[in-house]
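What follows is a set of notes on a single structure, which appears directly below.
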Amino acid sequence: MIDDHGSEVSGGTDGGAGSARPADAGSRSAFWEGVHHGKDVDGVSWWQSVPGLSLGLVDSTGLGREEPIIDVGAGWSTLVDHLVERGHRDLTAVDLSVTALRTVRERLGDAGEGVTLTPADVLDLHLGRDYALWHDRAVYHFLTEPGERDDYRASLERHLRPDGRLVVATFGPDGPTTCSGLPIVRYTHAELAAEFPGFELVDTAGEEHRTPWGAAQQFTAVLMRRRAG
1 MIDDHGSEVS
11 GGTDGGAGSA
21 RPADAGSRSA
31 FWEGVHHGKD
41 VDGVSWWQSV
51 PGLSLGLVDS
61 TGLGREEPII
71 DVGAGWSTLV
81 DHLVERGHRD
91 LTAVDLSVTA
101 LRTVRERLGD
111 AGEGVTLTPA
121 DVLDLHLGRD
131 YALWHDRAVY
141 HFLTEPGERD
151 DYRASLERHL
161 RPDGRLVVAT
171 FGPDGPTTCS
181 GLPIVRYTHA
191 ELAAEFPGFE
201 LVDTAGEEHR
211 TPWGAAQQFT
221 AVLMRRRAG
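The sequence shown: position 34 = 34 (the UniProt record's numbering), numbered continuously.
See the structure below:
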(Lines of atoms letter the chains of each structure in order from A; the text may use other names.)
(Lines give C-alpha, C1' and ligand atoms only; values in the text may rest on other atoms or scores of the structure.)
Protein backbone atom coordinates (compact mmCIF):
# COMPACT_ATOMS: atom_id res chain seq x y z
CA MET A 1 0.00 0.00 0.00
CA ILE A 2 1.14 3.55 -0.73
CA ASP A 3 0.48 5.85 2.22
CA ASP A 4 -1.64 8.85 1.24
CA HIS A 5 0.07 11.71 3.09
CA GLY A 6 0.18 13.55 -0.24
CA SER A 7 -1.98 13.91 -3.34
CA GLU A 8 -1.85 11.37 -6.13
CA VAL A 9 -1.27 12.87 -9.55
CA SER A 10 -1.02 11.49 -13.05
CA GLY A 11 0.19 12.64 -16.39
CA GLY A 12 2.15 15.91 -16.19
CA THR A 13 4.69 17.75 -18.26
CA ASP A 14 7.61 16.18 -19.99
CA GLY A 15 10.73 16.16 -17.88
CA GLY A 16 13.14 16.90 -20.72
CA ALA A 17 15.27 19.91 -21.52
CA GLY A 18 13.45 23.18 -21.84
CA SER A 19 10.74 22.38 -19.27
CA ALA A 20 9.50 25.34 -17.24
CA ARG A 21 10.81 25.30 -13.69
CA PRO A 22 8.04 24.16 -11.32
CA ALA A 23 7.53 26.81 -8.64
CA ASP A 24 4.81 25.40 -6.39
CA ALA A 25 3.71 22.06 -4.92
CA GLY A 26 1.20 21.28 -7.68
CA SER A 27 3.57 21.99 -10.54
CA ARG A 28 6.39 20.09 -8.84
CA SER A 29 4.15 17.03 -8.51
CA ALA A 30 3.06 17.24 -12.14
CA PHE A 31 6.63 17.75 -13.35
CA TRP A 32 8.10 14.73 -11.56
CA GLU A 33 5.15 12.55 -12.41
CA GLY A 34 5.86 13.46 -16.02
CA VAL A 35 9.53 12.55 -15.64
CA HIS A 36 8.65 9.04 -14.44
CA HIS A 37 5.48 8.36 -16.42
CA GLY A 38 5.89 5.92 -19.31
CA LYS A 39 9.63 5.36 -18.80
CA ASP A 40 11.68 2.34 -17.81
CA VAL A 41 13.61 2.70 -14.56
CA ASP A 42 16.89 3.02 -16.45
CA GLY A 43 15.43 5.83 -18.56
CA VAL A 44 16.43 8.46 -15.98
CA SER A 45 19.98 9.71 -15.53
CA TRP A 46 20.23 9.04 -11.79
CA TRP A 47 19.38 5.33 -11.98
CA GLN A 48 21.72 2.97 -10.08
CA SER A 49 21.15 -0.74 -9.58
CA VAL A 50 23.36 -0.56 -6.47
CA PRO A 51 23.52 2.86 -4.71
CA GLY A 52 27.01 2.31 -3.35
CA LEU A 53 27.65 5.89 -2.20
CA SER A 54 24.45 6.01 -0.15
CA LEU A 55 24.83 2.51 1.28
CA GLY A 56 28.38 3.22 2.40
CA LEU A 57 27.34 6.33 4.31
CA VAL A 58 24.29 4.66 5.84
CA ASP A 59 26.44 1.73 6.97
CA SER A 60 28.97 4.10 8.54
CA THR A 61 26.30 5.50 10.88
CA GLY A 62 26.17 2.17 12.70
CA LEU A 63 22.40 2.45 13.11
CA GLY A 64 20.57 -0.55 14.50
CA ARG A 65 18.22 -2.48 12.24
CA GLU A 66 15.17 -1.22 14.15
CA GLU A 67 16.08 2.47 13.79
CA PRO A 68 13.75 4.40 11.44
CA ILE A 69 15.21 5.71 8.17
CA ILE A 70 13.59 8.08 5.67
CA ASP A 71 14.68 8.45 2.02
CA VAL A 72 13.34 11.68 0.51
CA GLY A 73 13.04 12.12 -3.25
CA ALA A 74 13.39 8.36 -3.50
CA GLY A 75 11.96 7.95 -7.00
CA TRP A 76 12.86 4.52 -8.35
CA SER A 77 15.93 4.21 -6.13
CA THR A 78 16.86 0.73 -4.93
CA LEU A 79 18.18 2.05 -1.62
CA VAL A 80 15.22 0.68 0.33
CA ASP A 81 15.58 -2.69 -1.40
CA HIS A 82 19.18 -2.99 -0.25
CA LEU A 83 18.36 -1.77 3.25
CA VAL A 84 15.61 -4.41 3.49
CA GLU A 85 18.16 -7.04 2.44
CA ARG A 86 20.46 -5.82 5.23
CA GLY A 87 17.71 -6.31 7.79
CA HIS A 88 16.41 -2.77 8.31
CA ARG A 89 12.76 -2.96 9.37
CA ASP A 90 11.50 0.65 9.59
CA LEU A 91 11.91 2.39 6.24
CA THR A 92 10.02 5.28 4.65
CA ALA A 93 10.45 6.46 1.06
CA VAL A 94 8.99 9.81 -0.02
CA ASP A 95 8.58 11.10 -3.56
CA LEU A 96 6.35 13.42 -5.56
CA SER A 97 5.74 10.74 -8.20
CA VAL A 98 3.12 8.11 -7.39
CA THR A 99 4.23 6.26 -10.53
CA ALA A 100 7.74 5.91 -9.13
CA LEU A 101 6.51 4.71 -5.75
CA ARG A 102 4.16 2.16 -7.30
CA THR A 103 7.10 0.76 -9.24
CA VAL A 104 9.08 0.41 -6.02
CA ARG A 105 6.13 -1.31 -4.29
CA GLU A 106 5.80 -3.82 -7.13
CA ARG A 107 9.54 -4.44 -7.14
CA LEU A 108 9.71 -5.04 -3.37
CA GLY A 109 6.76 -7.40 -3.24
CA ASP A 110 6.35 -9.24 0.05
CA ALA A 111 9.85 -8.21 1.13
CA GLY A 112 8.66 -4.62 1.43
CA GLU A 113 6.21 -5.23 4.27
CA GLY A 114 8.15 -2.87 6.54
CA VAL A 115 8.55 -0.12 3.92
CA THR A 116 6.17 2.86 3.87
CA LEU A 117 5.90 4.64 0.51
CA THR A 118 4.52 8.16 0.78
CA PRO A 119 3.71 10.57 -2.08
CA ALA A 120 4.50 13.99 -0.63
CA ASP A 121 6.45 17.21 -1.15
CA VAL A 122 9.63 17.33 0.93
CA LEU A 123 9.31 21.12 1.09
CA ASP A 124 6.13 20.73 3.13
CA LEU A 125 6.49 17.38 4.84
CA HIS A 126 4.31 16.47 7.82
CA LEU A 127 4.46 12.74 8.60
CA GLY A 128 3.81 12.98 12.34
CA ARG A 129 6.88 10.99 13.37
CA ASP A 130 10.65 11.29 13.59
CA TYR A 131 13.58 9.39 12.16
CA ALA A 132 17.11 8.39 13.15
CA LEU A 133 18.41 9.01 9.62
CA TRP A 134 17.32 11.34 6.80
CA HIS A 135 18.74 10.37 3.39
CA ASP A 136 18.60 12.52 0.25
CA ARG A 137 20.39 11.78 -2.99
CA ALA A 138 19.81 14.58 -5.50
CA VAL A 139 16.85 16.53 -4.14
CA TYR A 140 18.72 19.34 -2.43
CA HIS A 141 20.60 20.47 -5.53
CA PHE A 142 17.28 21.27 -7.28
CA LEU A 143 16.51 23.89 -4.62
CA THR A 144 17.86 26.97 -6.32
CA GLU A 145 15.86 29.51 -4.27
CA PRO A 146 16.73 30.39 -0.65
CA GLY A 147 13.10 29.99 0.43
CA GLU A 148 13.00 26.43 -0.94
CA ARG A 149 16.10 25.52 1.04
CA ASP A 150 14.54 27.06 4.16
CA ASP A 151 11.39 24.94 3.64
CA TYR A 152 13.51 21.81 3.16
CA ARG A 153 15.43 22.45 6.36
CA ALA A 154 12.16 23.06 8.23
CA SER A 155 10.88 19.64 7.06
CA LEU A 156 14.18 18.08 8.09
CA GLU A 157 14.02 19.61 11.57
CA ARG A 158 10.42 18.38 12.05
CA HIS A 159 11.33 14.80 11.24
CA LEU A 160 14.85 14.18 12.49
CA ARG A 161 15.57 13.11 16.05
CA PRO A 162 17.72 15.39 18.25
CA ASP A 163 20.67 13.00 17.79
CA GLY A 164 19.74 12.05 14.23
CA ARG A 165 21.99 11.63 11.20
CA LEU A 166 21.72 13.36 7.83
CA VAL A 167 23.05 12.07 4.50
CA VAL A 168 22.76 14.48 1.56
CA ALA A 169 24.25 14.02 -1.91
CA THR A 170 24.26 16.61 -4.71
CA PHE A 171 26.12 17.24 -7.93
CA GLY A 172 29.69 18.24 -7.15
CA PRO A 173 31.55 21.34 -8.41
CA ASP A 174 32.47 19.60 -11.67
CA GLY A 175 29.05 17.97 -12.11
CA PRO A 176 26.26 18.95 -14.52
CA THR A 177 24.59 22.36 -14.24
CA THR A 178 21.13 20.96 -15.07
CA CYS A 179 19.16 17.77 -14.53
CA SER A 180 15.88 16.76 -16.21
CA GLY A 181 15.95 20.16 -17.91
CA LEU A 182 16.04 22.03 -14.60
CA PRO A 183 18.83 24.18 -13.15
CA ILE A 184 20.63 22.86 -10.10
CA VAL A 185 23.13 24.15 -7.53
CA ARG A 186 26.49 22.39 -7.34
CA TYR A 187 28.30 22.02 -4.02
CA THR A 188 31.72 21.20 -2.63
CA HIS A 189 31.77 19.19 0.59
CA ALA A 190 32.38 22.34 2.65
CA GLU A 191 29.62 24.27 0.90
CA LEU A 192 27.12 21.46 1.35
CA ALA A 193 27.95 21.03 5.05
CA ALA A 194 27.54 24.78 5.56
CA GLU A 195 23.94 24.53 4.34
CA PHE A 196 23.02 22.75 7.60
CA PRO A 197 24.23 24.97 10.46
CA GLY A 198 22.52 22.91 13.16
CA PHE A 199 24.64 19.87 12.27
CA GLU A 200 28.25 18.77 12.66
CA LEU A 201 30.12 17.10 9.83
CA VAL A 202 30.94 13.43 10.44
CA ASP A 203 32.19 12.23 7.05
CA THR A 204 32.35 13.11 3.36
CA ALA A 205 32.22 10.97 0.24
CA GLY A 206 31.85 11.29 -3.50
CA GLU A 207 31.53 9.34 -6.69
CA GLU A 208 31.57 9.68 -10.43
CA HIS A 209 28.17 8.33 -11.31
CA ARG A 210 27.72 6.85 -14.77
CA THR A 211 24.27 7.40 -16.23
CA PRO A 212 22.59 4.47 -18.02
CA TRP A 213 23.85 5.97 -21.30
CA GLY A 214 27.44 6.39 -20.08
CA ALA A 215 27.72 10.08 -19.19
CA ALA A 216 29.74 10.98 -16.09
CA GLN A 217 28.18 12.92 -13.21
CA GLN A 218 30.22 14.03 -10.21
CA PHE A 219 28.40 13.64 -6.88
CA THR A 220 29.34 15.17 -3.53
CA ALA A 221 27.95 13.70 -0.31
CA VAL A 222 28.11 14.49 3.40
CA LEU A 223 27.19 12.60 6.54
CA MET A 224 26.22 14.91 9.40
CA ARG A 225 24.98 14.60 12.97
CA ARG A 226 22.34 16.88 14.43
CA ARG A 227 23.70 18.93 17.33
CA ALA A 228 21.93 18.50 20.63
CA GLY A 229 20.14 21.48 22.15
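All C-beta atoms, glycine included, are put in the ideal place defined by N, C-alpha and C.
None of the values given here were measured: they were computed from a predicted structure.
At a Cβ-Cβ threshold of 8 Å, V94 and A132 do not count as neighbours.
If you draw a straight line from the Cα of C179 to the Cα of V185, it comes to about 10 Å. The C-alpha of G181 lies about 25 Å from the C-alpha of L125. Just so you know, the alpha carbons of V84 and S27 end up roughly 32 Å apart. Ranked by how close their Cα comes to the Cα of R165, the residues D151, F196, F171, E148 have F196 in first place. Setting aside the 5 residues that flank it on each side, E148 is surrounded in the same chain by L123, each with a C-beta closer than 7 Å to its C-beta; the list follows chain order. Using a 10 angstroms sphere on the CB of A138, the tally of other CB atoms reaches 16 or more, which defines it as buried.
The Cβ neighbour count for S155, taken over all protein chains shown within 10 Å, is at least 16; the residue is labelled buried.
Burial state of R226 is buried, judged by a 10 Å Cβ sphere holding 16 or more other Cβ atoms. Within the DSSP bridge table, the entry for P51 names no partner. Counting C-beta atoms within 10 angstroms of its own C-beta, P173 has fewer than 16 neighbours from the protein chains shown and is therefore classed as exposed. Spanning the alpha carbons of G175 and Q217 requires a straight line of approximately 5 Å.
Within the DSSP secondary-structure output, H135 pairs in a beta bridge with D71, V167. The beta carbon of E207 sits closer than 6 Å to those of L53, F219, all from its chain and outside the five residues before and after it, given in chain order.
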